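Undergrad: UniProt numbering applies: residue 1 is where the sequence shown begins, and numbers increase by one.
Using N, Cα and C, we set each Cβ at its ideal position, and we do this for glycine too.
Note that the coordinates shown come from a computational prediction; the quantities given were computed from them, not determined experimentally.
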Amino acid sequence: MSASKSTEEVKPFRISKREVWEAYQKVKANGGAPGVDGCSLDKFDEDLKNNLYRIWNRMSSGSYFPPPVRAVPIPKDGGRGVRILGVPTIADRIAQTVVARRLEERAEAIFHNDSDGYRIGRSAIDAVAKCRKRCWKYNWVVDLDIQKFFDSVPWDLMVKAVEANTDQPWVVLYVKRWLRAPLQHPGGALEKRDRGTPQGGLCSAEHNPPYEQRWVMRSAGDKAWGPAISGSSTAHNLREACWAHKLASQLISPVSWFHSGSSSVTISV
């Protein structure tokens with residue numbers, strides 16, 4: 001048995017060095033700006049071996065704690081304020097990718113075929129293409145949106161969705177830590193949060209789709225109306241095309257009922 005393999009097996013969490021290496025390759029391919037530490041990909045690569053070892057050692061030991069997320073204000077169209085984009089550090093993006101890949105193994109197999117947000121080989125463009133095609137076949141469309149989803153989504157519901165899609169305690173542990181990581185605004189001020197997740201990080205991309213897939217109306221709609229409706233969705237938007245106005249009206253009811261008990265989630269129809 002090699003010394004490297006022996007070291008991996010005595011760690012509390014079984015995360016291989018290959019997983020960290022493959023996560024780094026994915027982050028490297030995607031590029032991106034530095035986080036709060038100012039470390040670019042080029043700078044990270046200058047001490048690549050030690051940087052990757054540090055990530056693996058801390059993650060497999062349970063001692064990895066994410067740094068604050070750099071907040072970047074992005075103006076919204078039409079002067080409607082700003083959207084806060086979260087930029088994790090390079091090292092944190094690699095750690096998030098390790099967790100994301102583990103979640104993908106389970107989540108990809110159970111996603112609805114019409115769910116296109118944050119999925120391998122899919123994008124919001126695919127959802128738009130489906131809407132464009134189906135608008136010629138159906139007479140009515142129900143357009144749903146979770147208002148300020150990334151700002152207000154409850155942590156407990158997101159954690160439950162992650163727990164339902166993994167048997168690895170370290171995946172849940174690190175998702176909880178990423179949720180609690182503060183935002184660092186320009187100027188250095190730290191903002192602590194008790195809900196929501198910064199839009200832009202891989203963590204938000206990976207634990208939002210499982211939350212979305214737990215919508216009761218998604219499966220209830222399929223079972224109740226079958227081919228009479230056809231939908232497409234991303235992380236916080238869903239569009240259902242229906243043959244008749246009556247079906248469109250009936251579809252809205254279970255959605256409103258399902259979210260009526262949550263004061264922190266608002267549905268716009």
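Compute the Euclidean distance between the alpha carbons of Ala-33 and Cys-39, then round it to the nearest angstrom.
TA: Taking the first residue of the sequence shown as 1, we reach residue 33 at position 33. Taking the first residue of the sequence shown as 1, we reach residue 39 at position 39. Cα to Cα, the separation comes out at about 9 Å.
Undergrad: Can you tell me where the beta strand (DSSP E) holding Val-82 begins and where it ends?
TA: The residue labelled residue 82 in the question sits at position 82 within the sequence shown. Counting along the chain, the beta strand (DSSP E) containing Val-82 begins and ends at 82-87.
Undergrad: With H, G and I counted as helix, E and B as strand and the rest as coil, what does DSSP make of Arg-177?
TA: Against the sequence shown, residue 177 aligns to sequence position 177. Helix.
Undergrad: So, is Glu-19 buried or exposed, given that buried needs 16 or more other C-beta atoms within 10 angstroms?
TA: Locating residue 19 in the sequence shown gives position 19, counting from the first residue. By the 10 Å Cβ count, Glu-19 comes out buried.
Undergrad: So what does DSSP say about Ala-23, is it helix, strand or coil?
TA: Position 23 of the sequence shown, counted from the first residue, corresponds to residue 23. Helix at Ala-23.
Undergrad: Which one of Thr-89, Pro-75 and Lys-76 has the shortest CA to CA distance from Asn-51?
TA: To locate residue 51, count along the sequence shown from 1; it is residue 51. The shortest C-alpha separation from Asn-51 is found at Thr-89.
Undergrad: In terms of residue numbering, what span does the alpha helix (DSSP H) encompassing Val-72 cover?
TA: Position 72 of the sequence shown holds residue 72. That residue, Val-72, is in no alpha helix (DSSP H); its beta strand (DSSP E) goes 69-75.
Undergrad: Would you tell me roughly how many angstroms separate the C-alpha atoms of Ala-71 and Arg-80, rounded to the nearest one?
TA: Here residue 71 corresponds to residue number 71 of the sequence shown, with the count starting at 1. Here residue 80 corresponds to residue number 80 of the sequence shown, with the count starting at 1. Computed Cα separation, rounded: 18 Å.
Undergrad: Compute the Euclidean distance between the alpha carbons of Ser-152 and Arg-83, then round it to the nearest angstrom.
TA: Walking along the sequence shown from the start, residue 152 turns up at place 152. Walking along the sequence shown from the start, residue 83 turns up at place 83. Roughly 13 Å separates the two Cα atoms.
Undergrad: Going by DSSP in three states, Ser-115 sits in which element: helix, strand or coil?
TA: In the sequence shown, counting from the first residue as 1, residue 115 sits at position 115. Of the three classes helix, strand and coil, the one that applies to Ser-115 here is strand, per DSSP.
Undergrad: Could you check how far apart the C-beta atoms of residue 311 and Arg-102 are, in whole angstroms? I think they sit under 8 Å.
TA: A question about residue 311 goes unanswered here, because the residues of the chain that appear run from 1 up to 269.
Undergrad: Taking only three categories from DSSP, how would you classify Gln-168?
TA: What you label residue 168 is simply residue 168 of the sequence shown in a count that begins at 1. Of the three classes helix, strand and coil, the one that applies to Gln-168 here is coil, per DSSP.
Undergrad: From this set, Asp-194, Gln-96, Ser-16 and Pro-186, which residue's C-alpha is nearest Trp-155's C-alpha?
TA: For the purposes of this step, residue 155 is taken as the residue at position 155 of the sequence shown. Relative to Trp-155, the option among Asp-194, Gln-96, Ser-16 and Pro-186 whose CA is nearest is Asp-194.
Undergrad: Pick helix, strand or coil for Glu-108, following the three-state DSSP scheme.
TA: If you number the sequence shown from 1, residue 108 lands on position 108. Here Glu-108 sits in helix by DSSP.
Undergrad: In terms of residues, what are the limits of the alpha helix (DSSP H) holding Ser-40?
TA: Locating residue 40 in the sequence shown gives position 40, where the first residue counts as 1. Segment: none, Ser-40 is in no alpha helix (DSSP H) and carries neither H nor E.
Undergrad: Would you mind working out which of Asn-57, Lys-43, Asp-126 and Gly-35 sits nearest Trp-21, comparing C-alpha positions?
TA: Counting from one through the sequence shown, the residue named residue 21 turns up at place 21. When only C-alpha atoms are compared, the closest one is Asn-57.
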